[in-house]
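Encoded as structure tokens, the structure appears first; notes follow it.
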Amino acid sequence: RKSRGRRSAGLAWTKRNISWKVKTYPQEAWLSRETIRVLMHYALKVWSEATPLTFHEVGGPRADISVEFLHLDHQDGYPFDGPGGMVAHAFFPRDPQRAGHVHFDSDEDWTFRSPDDYGTDLFAVAVHEFGHSLGLAHSPSKRSIMRPYYQGPVGDPLQYQLQADDCVDIQRLYGSRVLHSTEKPESSSLLPDPPSLPHDFPALRSEEFPDRCSSSIDAVAQIRGETFFFKGQYFWRLTHGRHLTSLRPALSAAFWRGLPRSLGKVDTVYERHTDHRILFFSGPLYWVFKDNGVEEGYPRPVTDFGLPQGGVDAAFSWPHDRKTYFFKGGLQWSYDEATGRMDEGSPTHTALGGQLPTPVDDMLSGSDGEVYVFKGRQYWKLERHSLKLEIGYPRSIARDWLDCTGELYPPLSAPTSPPTRAKLQPDWRGPQLEVERCVCPS
Amino acid sequence: RSVPTPADESGEVVAWLMQYGYLPPADPITGQLQTWEAVTSAIRVMQRFAGIPETGIPDDATLGLIRMPRCSLPDVLPEKLPERKNGRLWRKR
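Going down the list, the sequences are from chains A and B.
If you're matching positions, the first sequence starts at 23 in my numbering and goes up one per residue.
If you're matching positions, the second sequence starts at 7 in my numbering and goes up one per residue.
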């Protein structure tokens with residue numbers, strides 16, 4: 023989590039929706055202003071195709087990325103040198119004064135679709151420079167667009183795609199678009215693709231699904247290293263790198279085949295360490311899933327575990343001692359997955375009692391044995407072996423896990439009446455676009 | 007004293023190596039010339055980064071790259087310059 027904070031302060035943009043504009047054009051140029059703007063659009067598109075970033079052109083004075091064609095010494099520490107030599111430069115996101123500034127030498131013969139040996143291909147150089155604007159340094163790889171030497175045109179802007187090295191490098195900073203989109207997950211993902219929705223399935227309307235920045239959470243689970251947050255009939259999914267795969271939640275019953283569509287909420291979910299089955303608990307019933315398909319014969323009553331008929335609040339399977347702990351109110355049960363039996367003496371008064379408000383909403387054991395406790399819109403972290411409360415908690419689930427960087431509604435400390443959805447839903451379209459003129463770039 | 011770099015012969019190379027981060031800028035206080043050893047190892051680093059034979063001398067392949075149009079950002083990003091105590095350069099091991 024901390025590294026995320028550091029990342030945003032250093033090498034990468036924290037926002038995903040980045041504005042750009044061409045601030046000045048070369049005095050004499052072969053290329054028209056429209057062509058220059060279109061080429062910039064496509065050069066940025068190259069990077070947005072590999073990441074969750076989106077770029078939009080603005081007409082007003084303020085833009086995150088501003089492109090200028092400048093001459094010789096232009097007072098930024100990197101004077102140009104006339105035709106040839108230095109052709110362009112751009113500054114990293116961490117540069118306090120110059121982040122987003124992209125400068126092209128106006129003395130170059132900027133070309134588009136010209137013979138390789140004539141002029142300097144503007145699209146190729148622009149892709150390179152925008153790589154710097156997003157945080158990439160020069161690369162020694164001969165195939166990389168981030169190689170410092172101009173190597174001629176890179177082909178048709180409409181067809182151009184990043185080399186693998188460059189994809190890896192930029193996704194290290196921003197994650198990949200596939201994992202952050204609601205499009206089909208990559209075939210390499212551990213859990214198979216969700217089935218297509220049956221025709222009678224209720225369509226997803228934006229006013230229906232919960233807002234991740236203001237909701238409490240019903241259940242949390244780490245499954246195959248990915249973290250799932252369940253709320254009502256939906257869930258959000260975070261990648262291994264803890265990047266939210268989509269701002270919009272997915273319908274649980276559409277992904278977890280066999281989970282009833284009518285299920286209002288899930289009490290707890292965990293991945294069983296013995297056979298990596300995934301167990302869902304809701305009220306008096308539980309389901310066992312192999313990957314994301316339910317096994318034959320489920321649901322079954324939770325009394326199979328020796329649990330009370332009413333079900334549980336929370337559970338987590340602890341790799342540390344390979345037991346699963348169930349919680350209900352102020353009681354806890356410890357269940358030995360290997361023998362399939364509840365431990366002698368269960369239930370006991372929960373050890374959490376003194377440290378945390380009970381009942382909790384859910385608990386999660388992290389990959390290196392730490393345990394997180396979730397209640398309402400806050401969470402606590404327990405030390406690995408001692409399960410003692412770590413200092414600095416509770417913290418906000420929305421801010422630390424679900425990518426809500428803005429003001430949280432309502433503020434965590436002051437419980438207020440739930441605000442209207444309109445107020446809750448942040449405006450993802452970015453700043454108001456002041457349009458001077460529209461050009462259709464494709 | 008180390009042999010000073012024959013500036014007339016390779017001023018362009020030294021300037022280029024400093025421009026792109028392979029050599030620290032010349033010391034403005036002492037005006038100390040870049041030693042040839044430093045230039046040689048800087049050329050090797052540049053040749054390695056460019057994927058050409060590491061000869062340590064400004065041969066044709068190296069000069070060809072040095073004169074090639076390119077992005078003006080350094081290849082070697084400025085790190086924390088070595089600390090300076092009582093006038094001597096202390097390099098971290």
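Backbone N, C-alpha and C fix where the C-beta goes; we use that ideal spot for every residue, glycine too.
Exercise. Pick helix, strand or coil for residue 83(B), following the three-state DSSP scheme.
Key: coil
Quiz prompt | Residues near residue 238(A) in its chain [Cβ-Cβ closer than 6 Å; skip 5 each side] | solution = The beta carbon of residue 238(A) is closer than 6 Å to those of 398 and 399 in its chain, skipping five residues each way along the sequence.
Quiz item: Is the CB of residue 50(B) under 7 Å away from at least one CB in chain A?
Solution: no
Practice problem: Please confirm if residue 160(A) has its CB atom under 7 Å from at least one CB of chain B. | Solution: yes
Quiz prompt | Reduced DSSP category for residue 112(A) - H, G, I as helix; E, B as strand; rest coil | solution = Residue 112(A) sits in a strand when the DSSP states are folded into three classes.
Exercise. Within its chain, find whatever has a CB closer than 8 Å to the CB of residue 144(A); leave out the 5 residues flanking it on each side and keep chain order.
Key: 53, 58, 61, 126, 132, 133 and 134
Self-check item: Short CB-CB distance (under 7 Å) between residue 109(A) and chain B
Solution: yes
Quiz item: For residue 384(A), is the classification buried or exposed, using 16 other Cβ atoms within 10 angstroms of its Cβ as the cut-off for buried?
Solution: When all chains shown are included, residue 384(A) counts as buried.
Self-check item: Within chain A, the residues that residue 57(B) reaches when beta carbons sit closer than 7 Å
Solution: 162 and 164
Exercise. Can you tell me which of the three DSSP states residue 28(A) falls into?
Key: Residue confidence is low: residue 28(A) scores 31 on pLDDT, short of 50, so the model does not pin down where it sits. Its coordinate-derived value is still stated next. Helix, per DSSP.
Exercise. Could you tell me which chain B residues have their CB closer than 7 Å to the CB of residue 140(A), listed as they occur along the chain?
Key: Going along chain B, no residue has its Cβ under 7 Å from residue 140(A), so there is no contact; the nearest lies around 13 Å.
Quiz item: Is the shortest distance between the beta-carbon of residue 106(A) and the beta-carbons of chain B less than 7 Å?
Solution: yes
Self-check item: Reference residue 124(A); option with closest CA among 116(A), 117(A), 130(A) and 110(A)
Solution: 110(A)
Practice problem: Scan the region 69-156 of chain A and note each continuous alpha helix (DSSP H) run of 4 residues or more that stays entirely inside, going in chain order. | Solution: 144-155
Exercise. Alpha carbon to alpha carbon, how far is residue 81(B) from residue 51(B)? Give it in angstroms, no decimals.
Key: 10 Å
Practice problem: Kindly indicate which residue of 40(A), 334(A), 268(A) and 188(A) has the alpha-carbon position closest to the one of residue 233(A). | Solution: 268(A)
Quiz item: With a cut-off of 7 Å, does the C-beta of residue 66(B) fall near any C-beta of chain A?
Solution: no
Quiz item: Listing by chain order, which chain B residues have their CB less than 8 Å from the CB of residue 151(A)?
Solution: 77
Exercise. Could you list which residues in chain A have their beta carbon closer than 8 Å to that of residue 74(B), in chain order?
Key: 171 and 172
Quiz prompt | Close beta carbons around residue 331(A), own chain, < 8 Å, minus the five adjacent residues each side | solution = 306, 323, 324 and 325
Quiz item: Of all the residues that make up the region 78-100 of chain A, which are near chain B by a beta-carbon distance shorter than 8 Å?
Solution: The residues in question are 100.
Practice problem: Apply the 10 Å Cβ neighbour rule to residue 17(B) and answer buried if 16 or more other Cβ atoms are within range, or exposed otherwise. | Solution: Around the Cβ of residue 17(B), a 10 Å sphere holds fewer than 16 other Cβ atoms; the residue is exposed.
Quiz item: Is the Cβ-Cβ distance between residue 339(A) and residue 294(A) less than 7 Å?
Solution: yes
Exercise. Indicate the three-state DSSP secondary structure (helix, strand or coil) for residue 25(B) in the structure shown.
Key: helix
Self-check item: Beta-ladder partner(s) of residue 56(B), from DSSP
Solution: In the DSSP output, where bridge partners are listed per residue, residue 56(B) has none listed.
Quiz item: Since residue 68(B) is in the alpha helix (DSSP H), which residue starts that stretch and which ends it?
Solution: For residue 68(B), the enclosing alpha helix (DSSP H) covers residues 66-72.
Quiz item: If we cut at 7 Å on Cβ distances, does residue 33(B) have a partner in chain A?
Solution: no
Exercise. List the endpoints of the continuous beta strand (DSSP E) containing residue 400(A).
Key: 400-404
Self-check item: Nearest neighbour of residue 34(A), chosen from 284(A), 155(A) and 77(A) [CA to CA]
Solution: The shortest C-alpha separation from residue 34(A) is found at 155(A).
Quiz prompt | Cβ of residue 83(B) within 7 Å of any chain A Cβ | solution = Yes, residue 83(B) counts as interfacial toward chain A.
Quiz item: Which residues share a DSSP beta bridge with residue 355(A)?
Solution: 348(A)
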